[in-house]
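Just below is one structure, and these are the notes that go with it.
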Amino acid sequence: MQRYSEITQKQTREIVLLKGKPCAWGQCSFCDYIDDNETDESLCNAVNQEVLAKVTGKYHALEVINSGSIFELPRDSLDTIKRILREKDIRTLFVESHWSYRHRLQEMRDFFGVPMIFKCGIETFDDHFRNQVLRKGIVFSSPEEVSRYFQSICLMVGIQGQTRDMIARDIDILLRYFPFGCVNIYNNNSTPIRRDDELVDWFEKEYRFLEDNPCIDVLFENTDFGVGGTCVD
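Structure follows, in structure tokens:
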């Protein structure tokens, strides 16, 4: 499991994949990332201390991810992140959070004391597909409501059952309402959710221009950020 890397193509930053407590939602039909979660906080902290020690601050920006939300990291790990931000002169922090924590985001801003970019895995703005197929547990009234809380969203592309129109609408909303975003091309994993290769081929051709957008990350593999892999901890 690779847990430290540098993102040098867009929004240059260091990135760490930390080990967190079980995802508070944990019901997404396509997700097996939660296999990396751990109930033993001492083990989480030991792994996270080792990973965070690699952060240099060279880009003054850091992204912290775990198999869940930033709120599910143990307090000792959060304290270490806060110390690293100060010691390494990190001025921007990217983190992920489930929609259910949207009313608590200011707590993290107050705790870390640096400008933060909150990312949320919306996956799609098609409510039926998001909640009935992907089981995200995310209900909102409009894209504007999401943008009031999150500066960046993650979309997922290339799942059987998606359509070109759904994806086109999702990308349009991303570009219209959010300053940052990440588009994840779906790859088969241990869940029953399957990839639609024809849809992926269409997306790659139709939306290749996104690769030139400095604020949109397009991940063709789960490990394109340089972190992840097989969980062996």
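Per the numbering used here, the sequence shown starts with residue 2, numbered consecutively. Backbone N, C-alpha and C define an ideal beta-carbon position, used for all residues, glycine too.
Flag this pair as yes or no: are the beta carbons of Ile-168 and Cys-121 separated by less than 8 Å?
By one-based count along the sequence shown, residue 168 stands at place 167. By one-based count along the sequence shown, residue 121 stands at place 120. Result no, Cβ atoms of Ile-168 and Cys-121 do not sit closer than 8 Å.
Report the residue ranges of all alpha helix (DSSP H) runs contained in full by the stretch 145 to 182; include only those spanning at least 4 residues, in chain order.
165 to 178
Which full runs of the alpha helix (DSSP H) of 4+ residues lie inside the stretch 73 to 127, going along the chain?
76 to 88, 106 to 113
Which partner residues does Asp-218 have in the DSSP bridge list?
Your numbering for residue 218 matches position 217 in the sequence shown. Beta-bridge pairing links Asp-218 to Cys-183.
Does DSSP put Leu-19 in a helix, in a strand, or in coil?
By 1-based counting over the sequence shown, the position of residue 19 is 18. The answer is strand: DSSP assigns Leu-19 an E or B state.
Tell me whether the stretch 135 to 154 and the stretch 168 to 183 touch, counting them as touching only if at least three CB pairs, one residue from each stretch, are closer than 8 Å.
Yes: the two stretches touch, three or more of their Cβ pairs being nearer than 8 Å.
With C-beta atoms as the reference, is Asn-189 less than 8 Å away from Leu-220?
The residue given as residue 189 occupies position 188 in the sequence shown. The residue given as residue 220 occupies position 219 in the sequence shown. Contact: no.
For Leu-60, three-class secondary structure by DSSP
As a first step, residue 60 must be located in the sequence shown, where it is residue number 59. In the sequence as presented, Leu is not what sits at residue 60; that position holds Tyr. Correct three-state label for Tyr-60: coil.
Measure the C-alpha to C-alpha separation of Val-115 and Ala-62 and round it to an integer number of angstroms.
For the purposes of this step, residue 115 is identified with residue 114 of the sequence shown, where counting begins at 1. For the purposes of this step, residue 62 is identified with residue 61 of the sequence shown, where counting begins at 1. Cα to Cα, Val-115 sits roughly 10 Å from Ala-62.
Note the first and the last residue of the continuous alpha helix (DSSP H) segment covering Ser-43.
Stepping through the sequence shown from its first residue, residue 43 is reached at position 42. 42 to 53 is the span of the alpha helix (DSSP H), which, as asked, contains Ser-43.
Would the stretch 88 to 97 and the stretch 62 to 79 be scored as touching if the rule is three or more Cβ pairs under 8 Å?
yes
Just to check, is the beta-carbon of Glu-97 closer than 7 Å to a non-hydrogen atom of the ligand MN?
This structure does not include the ligand MN; it has no bound ligands of any sort.
State the start and end residues of the unbroken alpha helix (DSSP H) segment that holds Glu-207.
On the sequence shown, residue 207 is found 206 positions in, with the first residue counted as 1. 198 to 207 is the extent of the alpha helix (DSSP H) around Glu-207.
In three-state terms, what does DSSP make of Gln-3?
The sequence position of residue 3 within the sequence shown is 2, counting from 1. Note: Gln-3 maps to strand in three-state DSSP.
Just the Cα atoms here: how many angstroms apart are Asn-67 and Phe-141?
In the sequence shown, the residue the question calls residue 67 occupies position 66. In the sequence shown, the residue the question calls residue 141 occupies position 140. Going by the C-alpha atoms only, they are around 24 Å apart.
Where Asp-166 and Arg-149 are concerned, what is the direct C-alpha to C-alpha distance, given to the nearest angstrom?
In the sequence shown, counting from the first residue as 1, residue 166 sits at position 165. In the sequence shown, counting from the first residue as 1, residue 149 sits at position 148. The alpha-carbon atoms of Asp-166 and Arg-149 are separated by roughly 25 Å.
Measure the C-alpha to C-alpha separation of Glu-51 and Asp-90 and round it to an integer number of angstroms.
Taking the sequence shown and counting its residues from 1, one reaches residue 51 at position 50. Taking the sequence shown and counting its residues from 1, one reaches residue 90 at position 89. Each residue's Cα considered, the two are about 19 Å apart.
Can you tell me whether Arg-14 is helix, strand or coil according to DSSP?
Taking the sequence shown and counting its residues from 1, one reaches residue 14 at position 13. Arg-14: strand per DSSP, three-state reduction.
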